[in-house]
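Letter 244 of the sequence shown, counting from 1, is numbered 243 in numbering that gives the first Met the number 0, and no numbers are missing.
To start, the structure under review is shown below, and the notes come after it.
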Amino acid sequence: MSRYLGDRAIVLGGGMAGLLAARVLADRYPRVLVLDRDALAGTADARRGVPQGRHAHALLARGQQILEQLFPGLLAELTASGVLSCDLAGSLRWYFHGRPLRQAQSGLLSVSATRPELEAHVRTRVAALPGVELRERTVIHGIVGDGGRITGVRASAADSEAEPETLRADLVVDATGRGSRAPAWLADLGYARPPEEKVKIDLAYTTRLFKLASDPYGTDLSINSVASPANPRGAFFAKLNDQVAMLSLTGMLGDHPPRDDEGFLDFAKSLSAPEIYETVKDSAPVDDAVTFRVPASVRRRYDRLSRFPEGFLVIGDAVCSFNPVYGQGMTVAAMEALVLSEHLRAGPPRPLAYFRELVPIVDVPWEISASGDLAFPGVSGKRTLKTRVGNAYIAKLHAAAHSDSRFTEAFFRVAGLVDPPQALMRPRLVAAVLRAARRAKD
């Protein structure tokens, strides 16, 4: 029996979610076509279609494990190209609630590639797969349906005035990200839009590269000052190559980092990690500051629909777009790609079943990010007893981690999506956290 489920699959969007979807679809379809509006070939810079591409990105530990599983040897390839990597909890300097956490060798890897670097390496691997075609500078006008099934997409060249052509497919996967038009396409075909859950954060990143005049890192690769209710300003200060570092400042609830020189430095001076300002004030900017805004985290509950057309799936940020400061997006997309792979192993795609299979994958990072954001009084949303107790406990865990590295390791195993949140509630760990909290009071 053939391992193939049809003749062709089409992926809408050539970002990380789309590339990962194409990778697993290539196991089940002899032809996979990836469509994207941007130029892709030879692109190593931030793309217009990935507005966060010029800002700090994170591939969490679980995401790194999955990428290595899907693309064996990728880490060695990245390292050979000059990309740095280190222990997530042992060689990154983390500030929580104004103080640095005690570092721990967790065995969890953090890859210090920029988003364009990582995407370029993955794109090269995907493009080399038999039957995969990346079609760049292509405008997607919508999906085409017939009798309860999506049968293709309407698309045209970005620089053409010709009528869109219909590209037929046995399966269409929407990986177009936060701006996905899938809900509107479904409504046009007579289907219900998915219910949405939102956490309004009014977040902005402002990022600039600096040629360093001094080295604040030592053996670390990044200095990360995490926002807290006491100081809602944060930063990710990542060491790159050739004495260049990327500083992404973050501000929530409208307190956005400025782009002008003086305002940018004043914002950096207000951070909990003083070495960031002390370094950049004497360093030379390499480029102009750029800003990226995220009004809200949005989860589209496709799993709650009762009707959905056959031959159409959604993946990545098009399903759930998180507050990017938690660094979950690429890793969740990788986890969803594994779900898609397992789903197709059982036979032809069954959309409603697939969306239900995504629920436990999305639940955990959504709870982590939404609950963390609700710790800020200005963020609107329902604060359940579980949320309030959980945030109070995590604050105590961070306080304990300021002086004891075992709490740092436990936290980052969960934040890195390797261990479930329940791991932080093991009785012996809870007892140790509470003892540390009592000692701190005394």
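Even glycine gets a Cβ: it sits at the ideal position worked out from N, Cα and C.
- Task: Tell me whether M15 is buried or exposed, calling it buried when 16 or more other Cβ atoms sit within 10 Å of its Cβ.
- Result: Working through the sequence shown from its first residue, we reach residue 15 at position 16. Its Cβ being crowded by 16 or more others within 10 Å, M15 is buried.
- Query: Near G315, which residues of its chain fall below 6 angstroms by C-beta distance, leaving aside the five closest residues on each side in sequence?
  - Reply: Your numbering for residue 315 matches position 316 in the sequence shown. Closer than 6 angstroms at Cβ, skipping near neighbours: A16, A174 and A332.
- Task: Return the chain-ordered ranges of every beta strand (DSSP E) run that is complete within the stretch 233-316 and spans a minimum of 3 residues.
- Result: 243-250, 289-299 and 311-313
- Three-state secondary structure (DSSP) of G5: Residue mapping note: residue 5 aligns to position 6 of the sequence shown, counting from 1. Coil.
- For M0, count neighbouring Cβ atoms within 10 angstroms of its own Cβ and tell me buried if that reaches 16, exposed if not. Against the sequence shown, residue 0 aligns to sequence position 1. In this prediction, M0 has a pLDDT of 45, which is less than 50 and means its spatial position is unreliable; nothing more can be read from the coordinates.
- Message: Quick check: the Cα distance between V338 and S269, rounded to an integer number of angstroms?
- Response: For the purposes of this step, residue 338 is taken as the residue at position 339 of the sequence shown. For the purposes of this step, residue 269 is taken as the residue at position 270 of the sequence shown. CA-to-CA, the gap between V338 and S269 works out to about 42 angstroms.
- I think L59 touches L220, with their Cβ atoms under 8 angstroms apart; what is that distance to the nearest whole Å? Here residue 59 is taken as the residue at index 60 of the sequence shown, counted from 1. Here residue 220 is taken as the residue at index 221 of the sequence shown, counted from 1. Their Cβ separation, rounded to whole angstroms, is 15 angstroms, which puts L59 and L220 out of contact at 8 angstroms.
- Message: Just to confirm my understanding: we take S320, look at its own chain, exclude 5 residues before and 5 after, and list those with CB closer than 6 angstroms. What are they?
- Response: What you label residue 320 is simply residue 321 of the sequence shown in a count that begins at 1. So the qualifying residues of the chain are R177 and V297.
- Query: If N137 and L34 are in contact, beta carbons under 8 angstroms, what's the gap, nearest whole angstrom?
  - Reply: For the purposes of this step, residue 137 is taken as the residue at position 138 of the sequence shown. For the purposes of this step, residue 34 is taken as the residue at position 35 of the sequence shown. Looking at the sequence provided, one finds Thr at residue 137 rather than Asn. Correct: roughly 5 angstroms between the Cβ atoms.
- Message: Within the continuous alpha helix (DSSP H) that includes K381, where are the two ends?
- Response: Your numbering for residue 381 matches position 382 in the sequence shown. No alpha helix (DSSP H) contains K381, which DSSP labels as neither H nor E.
- Starting from T123, follow the alpha helix (DSSP H) in both directions and report where the run begins and ends. For the purposes of this step, residue 123 is taken as residue 124 along the sequence shown, with counting starting at 1. Start and end: R114 to A126.
- Distance between beta carbons of A203 and F291, contact taken as under 8 angstroms: In the sequence shown, the residue the question calls residue 291 occupies position 292. In the sequence shown, the residue the question calls residue 203 occupies position 204. 7 angstroms between Cβ atoms; contact.
- Could you tell me which residues DSSP puts in a beta bridge with Y204? Taking the first residue of the sequence shown as position 1, residue 204 is located at position 205. Secondary-structure assignment with DSSP links Y204 through a beta bridge to T249 and F291.
- Message: Applying the 10 Å Cβ sphere with the 16-neighbour rule, what's the burial state of L264?
- Response: Within the sequence shown, numbered from 1, the residue matching residue 264 stands at position 265. Exposed.
- Out of curiosity, what's the CA-to-CA distance linking A226 and G97? For the purposes of this step, residue 226 is taken as residue 227 along the sequence shown, with counting starting at 1. For the purposes of this step, residue 97 is taken as residue 98 along the sequence shown, with counting starting at 1. Cα to Cα, the separation comes out at about 9 angstroms.
- Item | Three-state class that DSSP yields for N223 in the structure shown | Counting from one through the sequence shown, the residue named residue 223 turns up at place 224. N223 falls in the strand class under three-state DSSP.
- Message: I'd like the list of long-range same chain contacts for K197, defined as Cβ closer than 6 angstroms, with 5 residues on each side in sequence excluded.
- Response: Translated into positions along the sequence shown, residue 197 becomes position 198. Result list for K197: A295 and V297, in chain order.
- Would you list the one or two residues that DSSP bridges to W184? If you number the sequence shown from 1, residue 184 lands on position 185. DSSP lists no partner for W184.
- Query: Between the beta-carbon of L107 and the beta-carbon of V324, is there less than 8 angstroms?
  - Reply: What you label residue 107 is simply residue 108 of the sequence shown in a count that begins at 1. What you label residue 324 is simply residue 325 of the sequence shown in a count that begins at 1. In this structure, V324 does not lie closer than 8 angstroms to L107 by Cβ.
- Does DSSP put Y392 in a helix, in a strand, or in coil? Position 393 of the sequence shown holds residue 392. In the structure shown, the three-state DSSP call for Y392 is helix.
- Task: Using 10 angstroms around the beta-carbon of M424, count the other beta-carbons present and answer buried if the total reaches 16, otherwise exposed.
- Result: Position 425 of the sequence shown, counted from the start, is the residue given in the question as residue 424. Result: exposed.
- Message: Can you give me the C-alpha to C-alpha distance between L87 and N230, rounded to a whole angstrom?
- Response: As a working note, residue 87 is residue 88 in the sequence shown. As a working note, residue 230 is residue 231 in the sequence shown. Going from the Cα of L87 to the Cα of N230 covers about 23 angstroms.
- Query: Comparing alpha-carbon positions, which option in A272, T278 and L166 lies nearest I9?
  - Reply: As a first step, residue 9 is located in the sequence shown; it is residue number 10 there, counting from the start. Residue L166 is the option with its Cα nearest to I9.
- Which one or two residues does DSSP pair with L170 in a beta bridge? By 1-based counting over the sequence shown, the position of residue 170 is 171. Looking at the DSSP assignment, L170 forms a beta bridge with A8.
- Assign L357 to buried or exposed, taking buried as 16 or more other Cβ atoms, counted over all protein chains shown, within 10 Å of its Cβ. In the sequence shown, residue 357 corresponds to position 358, counting from 1. Burial call: buried.
- In chain order, what residues of the same chain lie with their CB nearer than 8 angstroms to the CB of M334, ignoring the 5 residues before and after it? Residue numbering aside, residue 334 sits at position 335 when the sequence shown is read from its first letter. So the list reads R61, G62, I65, I360 and L416, once near-sequence residues are dropped.
- Message: Need the endpoints of the alpha helix (DSSP H) that F354 sits in, please.
- Response: Position 355 of the sequence shown holds residue 354. P350 to D372 is the span of the alpha helix (DSSP H), which, as asked, contains F354.
- If you draw a straight line from the C-alpha of L252 to the C-alpha of D187, how long is it? In the sequence shown, counting from the first residue as 1, residue 252 sits at position 253. In the sequence shown, counting from the first residue as 1, residue 187 sits at position 188. As the crow flies, the alpha-carbon of L252 is around 34 angstroms from that of D187.
- Under the assumption that P228 contacts F375 (Cβ atoms under 8 angstroms), give the Cβ distance between them as a whole number of angstroms. For the purposes of this step, residue 228 is taken as the residue at position 229 of the sequence shown. For the purposes of this step, residue 375 is taken as the residue at position 376 of the sequence shown. Right, their Cβ atoms sit about 5 angstroms apart.
- Using beta-carbon positions only, say whether V131 and A38 come within less than 8 angstroms of one another. Position 132 of the sequence shown, counted from the first residue, corresponds to residue 131. Position 39 of the sequence shown, counted from the first residue, corresponds to residue 38. Not in contact: V131 and A38 (Cβ atoms no closer than 8 angstroms).
- Going by beta carbon distance, what residues of the same chain come within less than 7 angstroms of I142, once the five residues before and after it are set aside? Counted from its first residue, the sequence shown places residue 142 at position 143. Counting only Cβ-Cβ distances below 7 angstroms, and skipping sequence neighbours, we find I149, V152, V171, W184 and F311.
- Enumerate in chain order the residues of its own chain whose CB-to-CB distance from V432 is below 8 angstroms, with the five nearest sequence positions on each side excluded. By 1-based counting over the sequence shown, the position of residue 432 is 433. So the list reads Y392, K395, L396, A399 and F406, once near-sequence residues are dropped.
- Query: For E135, which option in A156, E366, G144 and E162 has the closest C-alpha, if you only look at C-alpha atoms?
  - Reply: Mapped onto the sequence shown, residue 135 falls at position 136. Cα-wise, what sits closest to E135 is A156.
- Query: In angstroms, rounded to a whole number, what distance separates the CA positions of G144 and S271?
  - Reply: Numbered from its first residue, the sequence shown carries residue 144 at position 145. Numbered from its first residue, the sequence shown carries residue 271 at position 272. So the alpha carbons of these two residues sit roughly 53 angstroms apart.
- State the Cα-Cα distance for the pair D201 and Y3, rounded to the nearest angstrom. For this step, residue 201 is matched to residue 202 along the sequence shown. For this step, residue 3 is matched to residue 4 along the sequence shown. Computed Cα separation, rounded: 45 angstroms.
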